[in-house]
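This report concerns only the one structure given below.
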Amino acid sequence: MSKTIIISNRLPLQISIEDNNLEVTPSVGGLATGLKSFHRDGDSIWIGWTGLTEEEIPESLAQDVKKRALEEACVSVNLTAEEIEGFYYGFSNRTIWPLFHYFMEYTEAELSFWEIYKKVNQKYANEVLKHYQEGDQIWVHDYQLLLVPNMIREKAPEAIIGFFNHIPFPSYEVFRTLPWREEVLEGVLGADLIGFHTYDYERHFLSSVSRILRLQVDFNEVTLPNRIVKVDSFPMGIDYEKFEQAALNHFKNTSEEQSDLQNRLDHHLKTTPEAKLILSIDRLDYTKGIANRIRAFEYFLDRNPEYVEKVRLVMLAVPSRSNVPQYQRLKREIDELVGRINGKFSTVNWTPIWYFYRSMPFENLIDLYTSCDVALLTPIRDGMNLVAKEFIATRTYHTGVLILSEMAGASHEMNEAILINPNNFEQISSALKQALEMPKEEQIQRNKMLQKRLKRYSVEKWANDFIKALKNTKDNRNDSQSI
Ligand code: ADP
Ligand code: G6P
Numbered sequence: 006m007s008k009t010i011i012i013s014n015r016l017p018l019q020i021s022i023e024d025n026n027l028e029v030t031p032s033v034g035g036l037a038t039g040l041k042s043f044h045r046d047g048d049s050i051w052i053g054w055t056g057l058t059e060e061e062i063p064e065s066l067a068q069d070v071k072k073r074a075l076e077e078a079c080v081s082v083n084l085t086a087e088e089i090e091g092f093y094y095g096f097s098n099r100t101i102w103p104l105f106h107y108f109m110e111y112t113e114a115e116l117s118f119w120e121i122y123k124k125v126n127q128k129y130a131n132e133v134l135k136h137y138q139e140g141d142q143i144w145v146h147d148y149q150l151l152l153v154p155n156m157i158r159e160k161a162p163e164a165i166i167g168f169f170n171h172i173p174f175p176s177y178e179v180f181r182t183l184p185w186r187e188e189v190l191e192g193v194l195g196a197d198l199i200g201f202h203t204y205d206y207e208r209h210f211l212s213s214v215s216r217i218l219r220l221q222v223d224f225n226e227v228t229l230p231n232r233i234v235k236v237d238s239f240p241m242g243i244d245y246e247k248f249e250q251a252a253l254n255h256f257k258n259t260s261e262e263q264s265d266l267q268n269r270l271d272h273h274l275k276t277t278p279e280a281k282l283i284l285s286i287d288r289l290d291y292t293k294g295i296a297n298r299i300r301a302f303e304y305f306l307d308r309n310p311e312y313v314e315k316v317r318l319v320m321l322a323v324p325s326r327s328n329v330p331q332y333q334r335l336k337r338e339i340d341e342l343v344g345r346i347n348g349k350f351s352t353v354n355w356t357p358i359w360y361f362y363r364s365m366p367f368e369n370l371i372d373l374y375t376s377c378d379v380a381l382l383t384p385i386r387d388g389m390n391l392v393a394k395e396f397i398a399t400r401t402y403h404t405g406v407l408i409l410s411e412m413a414g415a416s417h418e419m420n421e422a423i424l425i426n427p428n429n430f431e432q433i434s435s436a437l438k439q440a441l442e443m444p445k446e447e448q449i450q451r452n453k454m455l456q457k458r459l460k461r462y463s464v465e466k467w468a469n470d471f472i473k474a475l476k477n478t479k480d481n482r483n484d485s486q487s488i
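Spelled out as structure tokens, the structure:
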């Protein structure tokens, strides 16, 4: 029987070693949380990295790491500290990530990063080939593995290969600045089907293919000498039922008004009936617009002093890629901003920002989603932003307001949210006022429409649509061969 081989840089489980024991936690990030449900329900194996370098795994535990991954149908790829430095922290996160999110000033074109990126992509491709059997579908994920599709194709020309990019694909004018632009495009074009979250990313990719490689592009097909590659958009959804159910379970023990978080509030906010909580959750990443968000919150309090002692920004920032200098700088900037604004506005009764810099277990995430009144998500650029969708899925009372950046892929499907330009403080400030004052009936009306759509376009549908389209490429290939 054929299977799907999923391959991504990071596995959905992260392993660490404490006192010679393995500790396993779920990976953070849209790719892992989204794909996990598809992997759990289907017949697939998942190849990727556990988060530990080869040097960090004592010989005595090497087999245990492999075994633990296998329990979840995962195959761990061994990467050395040097490989992680050049491939992950280097080319993936200091070259491609900033470039694809339009942070050109952060983009480093470093030859040594590129060399090691190629080597590690080959390592991943080899691991796939070890597990591949004719008839399997291979599904490669994201910007860390752009060369893998063609590397697999070279060894297994008949293979059915799909590639999905979880981050934006930038416009041609930005992409063309990459020194290795031809190799990157050729790498991805090893796939039969290439998927993006939005139609814009798809068009940007096709425009780069036609202008840089001078290949024939007809509508959404690229013609290669011996094959046709399909390119399409598949907006990723969430495991709606999981979030809805978790919220319902959460409310079994609490009520709409008295969640865990609200129970733990200081006396002042707890006893102020009109008090409201504003939530933000992201990995600590410069693309997420966290610093802008805090500044916009300051702007809001400056202009709306009647909200002093009545609102709180609850901000969860999950540590991410902390070896990359831009992330370290951002961490310092946010610490400073939070300190300055809390210093500026705090009263004996009240602190305007609650800031958590850590990962949290799923139940706490649900507590945050369900107990806040407004979600304020302001990425400067974001491939999709699943947090926006998760927030809506947990609003089982249909109340709550989502303020979302129009630069997030998710904004294309979430018109009933209040959409803002993350660089416009004035607009964010009025969006906050509008959200805090929005009548309940209007909240319910907006959320019901969002929920209906998110329920229908779940992650399961996303994965099934992609795999179905991938299998169709095989049928097309067979058809054209028989003509
Ligand atoms: P990105 O993929 O850029 O990190 P997304 O918003 O698309 O951004 O996805 C973030 C994912 O990480 C969401 O599915 C969210 O539930 C998950 N997440 C965020 N914080 C945590 C956490 N502390 N623990 C586990 N998962 C988290
Ligand atoms: C985004 C990327 C994923 C990545 C995740 C977390 O969602 O698209 O590929 O896994 O961020 O980042 P990390 O660098 O920790 O894997």
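First residue of the sequence shown? That's 6 in our numbering, and the numbers climb one at a time after it.
All residues carry an ideal CB built from backbone N, CA and C; glycine is no exception.
Computed from a prediction, not measured in an experiment: that's the story for all the values here.
For L36, the distance from the CB to the nearest heavy atom of the ligand ADP is below 7 Å.
When DSSP states are grouped into helix, strand and coil, P31 belongs to the strand group. Under the three-state reduction of DSSP, L116 is assigned to helix.
Of the other Cβ atoms in all chains shown, 16 or more fall within 10 Å of the Cβ of K394; this residue is therefore buried. Close CB contacts of Q221 within its chain, under the 6 Å cut and outside five residues either way in sequence, are with T228 (chain order).
Collapsing the DSSP output to three states places V179 in a helix.
V82 counts as buried, since no fewer than 16 other beta carbons sit within 10 angstroms of its beta carbon.
If you check the CB distance, K438 and N309 come in under 8 Å. Residue burial annotation: G95 is buried, with at least 16 other C-beta atoms found within 10 angstroms of its C-beta. Going by beta carbons, I157 and G200 fall outside the 8 Å limit. Annotation: the segment 195 to 240 contains the following complete segments of the beta strand (DSSP E) (minimum length 3 residues), in chain order: 198 to 201, 221 to 223, 226 to 228 and 233 to 238. Comparing alpha-carbon positions, the option among F430, N98 and I233 lying closest to F302 turns out to be F430.
Residue state for W51 is assigned as strand, using DSSP reduced to three classes. Taking C-alpha positions only, Q19 is separated from N25 by approximately 16 Å.
By the Cβ criterion, the segment 419 to 428 is in contact with the segment 401 to 409, since at least three pairs of Cβ atoms, one from each stretch, lie closer than 8 Å. Assigned with DSSP and collapsed to three states, N26 falls in strand. With a cutoff of 7 Å, H136 does not count as near the ligand G6P, since its C-beta is closer than that to no heavy atom of the ligand. The Cβ atoms of L274 and V319 lie no closer than 8 Å to each other.
Bridge pairing for I166: I143 [DSSP]. Taking the CA atoms as reference points, N328 sits about 17 Å from Y122. Residue environment analysis places G414 among the buried positions, since at least 16 neighbouring C-beta atoms fall within 10 angstroms of its C-beta. Annotated three-state conformation of L289 is coil, per DSSP. In this structure, H136 lies near I50, with their beta-carbon atoms less than 8 Å apart. Taken through DSSP and simplified to helix, strand or coil, N14 comes out as strand. Just so you know, the alpha carbons of S434 and P357 end up roughly 15 Å apart. The DSSP-derived three-state label of A86 is helix. For V234, same chain residues with a beta-carbon under 6 Å away, outside a window of 5 residues either side, are L194 and V227 in chain order. Residue range V316 to V323 is occupied by the beta strand (DSSP E) that includes L321. Looking at the backbone, the Cα of A398 and that of W359 are separated by about 24 Å. Taken from the Cβ of E368, every heavy atom of the ligand ADP lies 7 Å or farther away. The Cβ neighbour count for D307, taken over all protein chains shown within 10 Å, is under 16; the residue is labelled exposed. DSSP places L152 in no alpha helix (DSSP H); its state is neither H nor E. N170 has its Cβ no nearer than 7 Å to any heavy atom of the ligand ADP. Annotation: L253 to T401 spans about 7 Å, alpha carbon to alpha carbon.
Secondary structure note for A380: it is in no alpha helix (DSSP H), and the uninterrupted beta strand (DSSP E) holding it is V379 to L382. Fewer than three beta-carbon pairs drawn from the segment 437 to 456 and the segment 159 to 179 are found closer than 8 Å, and the two stretches are therefore not classed as touching.
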